[in-house]
Structures are given as structure tokens and as C-alpha cells.
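S.K.: Before I ask anything, let me first share the structure, which is written out below as C-alpha cells.
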Amino acid sequence: MRGTPGAGELAVLAAAVLRANWREGVRPDGVAYAYTCPAPPRYRHMWHWDSCFHAIAWRNVDAARARAELRTVLRSGRPDGFLPHTAFWDAPARWRRAPLYATRGLFGDRCTETIGPPLLPFAWELVAEASADEPAFRTEALAELGTHVDWLEHHRDPDGDGLLSIVVPDESGLDDSPKYEPVYGRMTHDRPGYWLLMERGRRARWDSRALIERHDHHVEDVWVNVAYALSLHALARLSGEPRWSVRARRVEQALLERCLDDRSGLFFDLAGPRERPVRVSTWSALAPLVLGDLPADVRLRLVEQHLLDPRRYAAPVGIPSVSMEEPAFNPRWDRFRCWRGPSWMNTAWLLVPPLRELGHDGFADRIVASLTAAAARHGFREYYHPRSGRGLGARGFAWSTLLIDLLAPPAGA
Ligand code: GLC
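Residue numbers for the sequence shown, in my numbering: 0 to 412.
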């Protein structure tokens, strides 16, 4: 009988997934690219947050590729600091899917006009730390990274409250999370009306300030702002410039003052011009846990009342993407509804270290062990059933190789 792979073999399998998904070349206009596609053939393009996670995973396998991937993310955008959610590079969107991408025209665009969770400076710092062979990487893009976060502030925080807004649900990467239903209604990601949202964006030439001003369908998204704060802190450390920490603290303060719900202890998105809290418990309501500067009691409450509760998030396998108590919770594979319950590796990668930091090592170990068993049995899948551990969605899914990072002994141990 074939045994299940151990940690060493899993690391070899993970590196094989990253290598198999690697793409490099030169676009017809002469721009070079090198990136990991999330999972061919289903996900053939470059996605902003996927690539940030890929680079983090690559850094322990081949740091040169990690750097190349992040440089490609930087090249996918515009000189004004805009970086797209999806860049098409060598693989133009297929004709049937193309109109559903948030592009300027219907066909032939190089990238979307929408953003992804802004993790680039955060990933840059982690990759720089693994780049003893090229120390100059650390500071080579400080100007561009600064322009990028300034673009975000200018275009996505028109009310100046410190929180960025998204204008289509997939900008958070959590496309069809049930938290967007009360906001987007028939225009949610999995409904036919999504097409209208794309058309409206095209008509406005994806001018996000205009979209936010004219329509109610925008969200100050907790997870996107957590990513933003992580990146601002990273940029402060990379550059030594305190102005980025000041901005990071403003984001954190705004999350505490505006998104934290006293009754539940969760952080809720704020929807539309009236900033209506969206009271749906998804992993994004727990994401501020990764912000180490938030008050310990606020973070502990997220852990003790939500993550550790077997009715909510303490599932047998990983961390479900939606609280098991929510009526919308759906742990199965569902073609257009992947953020409605299954456990993902990137969310565990984000939430396990703060669990350890807050003294919940035993629980953190359980999460890692359950995901390790699932990956050993089913391979690096897009996501896993939180009760049975069954692998679901795409196979050979690149960011699921973050598991190897979770298996590594914590620094200093
Ligand atoms: C799906 C996921 C999204 C991811 C993309 C590429 O759309 O919901 O988060 O970025 O696939 O992997």
C-alpha cells in the first residue's frame, strides 16, 4: 500500500507544483514577464494576490523566481501606481470569459482595471529577507511601491477616512463571499447581473472615484484594508520612512473605530455611501487578527469567541471561509461559489502565526496538522472541505503550497 507523503515529500511536491505553473517570456510589445499561474488550465493568468503568495512560497525554493514574480507584478501596472487584479501576459482571456473580466474593452486588453488585495510591499519585504544573494532587491522598488500605495489612497479613499473601497466584489479576492450579497444583490459575482456591473465600470472607464460617487455598490472591505495596513507597515520597514507607519496606524484606527462591532467582536465591511455595516461572519471579519498592533483584548476576542468555537470556525480541517453558523455557509465545491465555506491555505497561512503569538499553539498545530493531512491525501488543491478534508476545486493550486511555510519551525525556535 502506498503511504501518504510526509513533510519532506510534501515540500518536494509543492516545489513541483510551483515549477509546473511557472511561465516566462516576452510580450509582443517587448515587456518581459515571469510569474506563476495559479492552476492551469482553469487559472492561466497572473492574479495580484496569488502572485504575492506565490512569491512568498517561492522564496524558500528559489528566491530568484520569487523576486522575478514580484517584479512582474510591478510591471503589470501603470506608471501612475495602478496595479491590476489580473494581468493576461501570455494568455489572453478566452472569448467566453473575456466580457466578465473588469477590462476597458471587451477583448484584447492586457489587464483588468480593478485592483487586488494590496499585498505587494508586504510580500516584497518577506522575499527581501530571503534574498541574501541579492540584497539590493530590498530597496530597488521603493519609489514604485510608494507610488502604488499613494494611488490606492487617492483613488480608493475618496472620503478620506483612511479605509480603501472596492468597487467590484472580486477586488478583495473573495469574489463570491456571502458578505457581498446584501451590497451587490443581483450583481454579485455568481449571478447574471454581474455583467451589468462590468458594463457600468466600462462606461465609467473604470474611474473608481466616479463609480464610488455615482453608485451605492462599493465597500470599505475589512480584508483589503488589513492587506493595505500590512503593506504600509512593510513599506515603513523597507524604506525607514515613518510616514508609512503613520498611515498604517490610521488604517488600523479606522478599522477599530468604524468596522469593529462591539456586540460580536467581529470586524464588518462598510457598504455604500452611508457605510452600512455588513453583518456576515466570514474569515475576513477575523483578518484584523494579523495586525499585531491592535489591542490584545480585541484580537483575543476574535480567537476565543470565534476561531475556537466549534459552531463557528473550529472545524475539523483548516479555517472555514465563512462561519459554520451562517445560513449561507456552504462547505462544498460549487462552480461559482468558492468563498462560501471551504478552508483555504492562504487564510490559514495568515491566521496561524497570530494564533501562536496569542498563546494558542495547540489550536494552531491542529489547524496545520489537519491541512497537512488533507494535502497529503488530496494534493495541493484550490480549497478543502472543512469537515471531511476532501480536496476541492482546481488541482495543483500554487498558493496552497504555502503549507510548507506553515510546517517550517517558527523563526528562532
Ligand atoms: C478565484 C479566487 C480568487 C483568485 C483567483 C485566481 O477567482 O476566488 O481569489 O485570485 O481564483 O486563483
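Idealized CB from N, CA, C, for every residue including glycine.
All values derive from a computational prediction rather than experimental measurement.
Is it right to say Asp175 is buried, meaning 16 or more other beta carbons lie within 10 angstroms of its own, or is it exposed?
M.R.: Classification for Asp175: buried.
S.K.: How long is the line joining the alpha carbons of Arg246 and Ala347, rounded to whole angstroms?
M.R.: For Arg246 and Ala347, the distance between alpha carbons rounds to 27 Å.
S.K.: Does at least one heavy atom of the ligand GLC sit under 7 Å from the Cβ of Pro177?
M.R.: For the ligand GLC, not one heavy atom lies less than 7 Å from the Cβ of Pro177.
S.K.: Using a Cβ-Cβ cut-off of 7 Å (strictly less than) and excluding sequence neighbours within five positions of Asn224, which residues of its own chain qualify?
M.R.: Cβ within range, chain order: Leu162, Leu163, Val250, Leu254.
S.K.: Just to confirm my understanding: we take Thr71, look at its own chain, exclude 5 residues before and 5 after, and list those with CB closer than 6 Å. What are they?
M.R.: Same-chain partners within the cutoff: Tyr32, Ala33, Tyr34.
S.K.: Around the Cβ of Ala412, are there at least 16 other Cβ atoms within 10 angstroms (buried) or fewer (exposed)?
M.R.: Residue placement at Ala412 is flagged as unreliable, the pLDDT there being 46, under the threshold of 50; a coordinate-derived value is accordingly withheld.
S.K.: Mind listing which residues have their beta carbon within less than 5 Å of any non-hydrogen atom of the ligand GLC? Chain order is fine.
M.R.: Having a Cβ closer than 5 Å to some heavy atom of the ligand GLC are Pro37, Tyr42, Trp46, Asp49, Gly172, Asp174.
S.K.: Starting from Ala33, trace the beta strand (DSSP E) in both directions and tell me its first and last residue.
M.R.: Run containing Ala33: 31–35, per the beta strand (DSSP E) assignment.
S.K.: According to DSSP, simplified to helix, strand and coil, what is Arg18?
M.R.: The answer is helix: DSSP assigns Arg18 an H, G or I state.
S.K.: On a Cα-Cα basis, can you pick out the residue from Leu285, Arg386, Arg331, His53 that is closest to Leu370?
M.R.: For Leu370, the nearest C-alpha among the options comes from Arg386.
S.K.: Bridge partners of Glu415, per DSSP?
M.R.: The chain is shown only over 0 to 412; residue 415 falls outside these bounds and no answer can be derived.
S.K.: Are at least three pairs of beta-carbons, each pair with one atom in the segment 42–55 and one in the segment 107–126, less than 8 Å apart?
M.R.: The segment 42–55 vs the segment 107–126: in contact.
S.K.: Write down every uninterrupted run of the beta strand (DSSP E) in the segment 196–250 whose length is 3 residues or greater and which is fully enclosed by it, in chain order.
M.R.: Segments of the beta strand (DSSP E) lying fully in the segment 196–250: there are none.
S.K.: Decide if Thr111 is buried, meaning its Cβ has at least 16 other Cβ atoms within 10 Å, or exposed.
M.R.: With 16 or more other Cβ atoms within 10 Å, it is buried.
S.K.: How would you call His153, buried or exposed, if buried means at least 16 neighbouring beta carbons within 10 angstroms?
M.R.: Result: exposed.
S.K.: Given a cut-off of 8 Å on the beta-carbon distance, is the pair Val297 and Leu259 in contact?
M.R.: Yes, these two residues count as a Cβ contact at 8 Å.
S.K.: With distances taken between CB atoms, is the gap from Leu401 to Asn345 smaller than 8 Å?
M.R.: Yes, the pair counts as a contact, with Cβ atoms nearer than the cut-off.
S.K.: Thinking C-beta only, is Ile318 closer than 8 Å to Leu301?
M.R.: Contact flag unset, no.
S.K.: Report, in whole angstroms, the separation of the C-beta atoms of Ile55 and His84, which I expect to be a contact under 8 Å.
M.R.: Actually they are not in contact, since the Cβ atoms of Ile55 and His84 sit about 18 Å apart, beyond 8 Å.
S.K.: Judging by CA-CA distance, which residue of Leu231, Ile165, Trp243 is the nearest neighbour of Trp205?
M.R.: Nearest C-alpha to Trp205: Ile165.
S.K.: Any idea which residues DSSP pairs Arg275 with across the strands?
M.R.: Answer by DSSP bridge pairing, in chain order: Ala270.
S.K.: What is the DSSP secondary structure of Gly7, reduced to helix, strand or coil?
M.R.: Note: Gly7 maps to helix in three-state DSSP.
S.K.: Using C-beta distances below 6 Å, list every residue in its chain close to Ala393, excluding the 5 sequence neighbours before and after it, in chain order.
M.R.: So the list reads Ala38, Arg41, Glu381, once near-sequence residues are dropped.
S.K.: Can we say the segment 186–193 touches the segment 230–245, given the rule of at least three CB pairs closer than 8 Å?
M.R.: No: fewer than three Cβ pairs fall under 8 Å.
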